[in-house]
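What follows is a single structure, written as structure tokens, with notes after it.
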Amino acid sequence: MTLKEILQHASQEHWSTGHFNASEFDQVRAIAEACKEVGAPAIIGTSEGERKHMGLIEALAVRDAFRKDFGIPIFLNADHCKSVESAKETVEAGYDSVHIDLSKLSLEDNIGGTKEIVASAREKDKDISVEGEVGYFVTEASKVYKEVFEIPPESLTKPEEAERFVKETGVDRLAIAVGNIHGISLNEPHLDIARIKAIRERISKEVTLVLHAGSGIPEDQIRAAIEAGIANIHISTELRLAFVNALKESLATELDEVAMYKLDQSAIVAMKELVKEKLRLFGSEDKLKGRR
Numbered sequence: 001m002t003l004k005e006i007l008q009h010a011s012q013e014h015w016s017t018g019h020f021n022a023s024e025f026d027q028v029r030a031i032a033e034a035c036k037e038v039g040a041p042a043i044i045g046t047s048e049g050e051r052k053h054m055g056l057i058e059a060l061a062v063r064d065a066f067r068k069d070f071g072i073p074i075f076l077n078a079d080h081c082k083s084v085e086s087a088k089e090t091v092e093a094g095y096d097s098v099h100i101d102l103s104k105l106s107l108e109d110n111i112g113g114t115k116e117i118v119a120s121a122r123e124k125d126k127d128i129s130v131e132g133e134v135g136y137f138v139t140e141a142s143k144v145y146k147e148v149f150e151i152p153p154e155s156l157t158k159p160e161e162a163e164r165f166v167k168e169t170g171v172d173r174l175a176i177a178v179g180n181i182h183g184i185s186l187n188e189p190h191l192d193i194a195r196i197k198a199i200r201e202r203i204s205k206e207v208t209l210v211l212h213a214g215s216g217i218p219e220d221q222i223r224a225a226i227e228a229g230i231a232n233i234h235i236s237t238e239l240r241l242a243f244v245n246a247l248k249e250s251l252a253t254e255l256d257e258v259a260m261y262k263l264d265q266s267a268i269v270a271m272k273e274l275v276k277e278k279l280r281l282f283g284s285e286d287k288l289k290g291r292r
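Mapping to the UniProt record's numbering: the sequence shown position 253 is 253, numbers consecutive.
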């Protein structure tokens, strides 16, 4: 089953796939094990920084190894490519999916660059899923912020611009800004559900709506967003916190231990359990049953 097919099932059946970022082998293992146990497809994202750390070829090799080991669909997404060149590099390398994020540019330039990546991906492999983005986030990094951010109205995705963008680029997925922000801040989370519905109504049913920056958003809002049309939700900051906090605790308590593979076991478990929790919240559990 291709990623495009899985995303279509999610959109039509009102559940969401999970997209989980990783920068280490053990984090990929945690995500893959969680998806295997829950019976959900695994979509693993690597940002430009994470790709630089892991290596393009290395990340693909890890994907292939866990596909063979666990026997489940595991897809690798190039998350937030900030340039056409960066996106093309991942397409040529063999990523299953690419997210070209030119949302800080003018709509015209965003459309032009995204359209170029869609063409490159189609030429490489028709099954590569391409994601574009309209509207922008006021924060960039997946980290904890100790401040409140103003979310200007002009940063939110306009339904009419989303419609134009989808029609002119031919993307498979559309990331939207509807009150979500990268990282976890002191802001009170508030998704604009009405805006999600309006965008969903104006774009093709073949295009998947994506919610980035899902960390810290209350469960009731996540469920409402899925019901409104979201079918792919990104989680990064919460995973980083779970992994790092568990690792810090191991380092603080296991003072005589020097074997890293022993020290990071609790971090793997913490991340794995969080992924399972999110997949169940998204309605992804057992969605692989009867599908090939």
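Ideal placement from N, C-alpha and C gives every residue a C-beta, glycine not left out.
Keep in mind that this is a model prediction, so the values were computed, not measured.
Give me the residue from the options with the minimum Cα distance to residue i.
i: His99; options: Glu108, Glu85, Ser106; result: Glu85
i: Leu279; options: Ala259, Asn232, Arg240; result: Asn232
i: Val118; options: Pro153, Pro218, Val166, Leu60; result: Val166
i: residue 293; options: Gly18, Ala270, Glu154, Val144; result: The requested residue 293 does not occur in the structure, where the chain is confined to residues 1 to 292.
i: Ala93; options: Arg51, Lys82, Leu105, Ala65; result: Arg51
i: Ala171; options: Gly179, Val207, His53; result: Here residue 171 is Val; the residue named in the question, Ala, does not match the sequence. If we check each option's Cα against that of Val171, Val207 comes out closest.
i: Phe70; options: Phe137, Tyr95, Cys35, Met54; result: Cys35
i: Val144; options: Gly179, Glu219, Ala213, Val28; result: Ala213
i: Glu238; options: Gly55, Glu219, Tyr261, Leu274; result: Leu274
i: Glu140; options: Asp109, Lys82, Leu107; result: Lys82
i: Gly179; options: Val138, His234, Glu58, Arg240; result: Val138
Name the DSSP bridge partner or partners of residue i?
i: Asn77; result: Gly45, Ser97
i: Ile226; result: Bridge partners of Ile226: none, in fact.
i: Asn232; result: Thr17, Val210
i: Val144; result: Ile184
i: Gly283; result: Answer by DSSP bridge pairing: none, since Gly283 is not bridged.
i: Ala175; result: Glu133, Val210
Excluding the 5 residues preceding and the 5 following residue i in the sequence, name in chain order all residues of the same chain whose CB lies nearer than 6 Å to its CB.
i: Ala198; result: Pro159
i: Ala121; result: Val91, Ile128, Val130
i: Lys88; result: Ser120
i: Tyr95; result: Leu76, Ala78
Given residue i, which residues of its chain have a CB within under 8 Å of its CB, disregarding the five upstream and five downstream residues?
i: Pro73; result: Met1, Leu3, Ile6, Pro41, Ala42, Arg67, Leu288
i: Leu247; result: Leu263, Asp264, Ser266, Ala267
i: Glu285; result: Val38, Gly39, Ala40, Leu279
i: Leu105; result: Gly113
i: Glu249; result: Ser266
i: Val244; result: Ala267
Compare the beta carbon distance of residue i and residue j with 7 Å and say whether it is the shorter of the two.
i: Gly229; j: Ile196; result: yes
i: Lys272; j: Ala32; result: no
i: Arg164; j: Val210; result: no
i: Lys124; j: Val91; result: yes
i: Ser16; j: Phe282; result: yes
i: Ala162; j: Ile226; result: no
i: Thr157; j: Ile111; result: no
i: Ala175; j: Glu133; result: yes
i: Ser215; j: Ile184; result: yes
i: Phe20; j: Val62; result: no
i: Ala242; j: Ala270; result: yes
i: Ser142; j: Ser236; result: yes
i: Ile217; j: Pro189; result: yes
i: Ala65; j: Ile44; result: no
Who are the near neighbours of residue i in its chain, counting only those whose CB is closer than 7 Å to its CB and skipping five residues on each side?
i: His80; result: Ser47, Glu48, His99, Asp101
i: Arg200; result: Leu209, Ala228, Gly229
i: Gly135; result: Ser103, Ser155, Leu156, Thr157, Ile176, Ala177
i: Gln27; result: Phe243, Met271
i: His14; result: Ile226, Glu227
If you measure from the CB of residue i, is any heavy atom of the ligand PLP nearer than 6 Å?
i: Gly71; result: With respect to the ligand PLP, the structure offers nothing, as it holds no ligand at all.
- Message: Can you confirm whether the segment 8-16 touches the segment 244-255 when touching is taken to mean that 3 or more C-beta pairs between the two stretches lie within less than 8 Å?
- Response: With contact defined as three or more Cβ pairs closer than 8 Å, the segment 244-255 and the segment 8-16 are not in contact.
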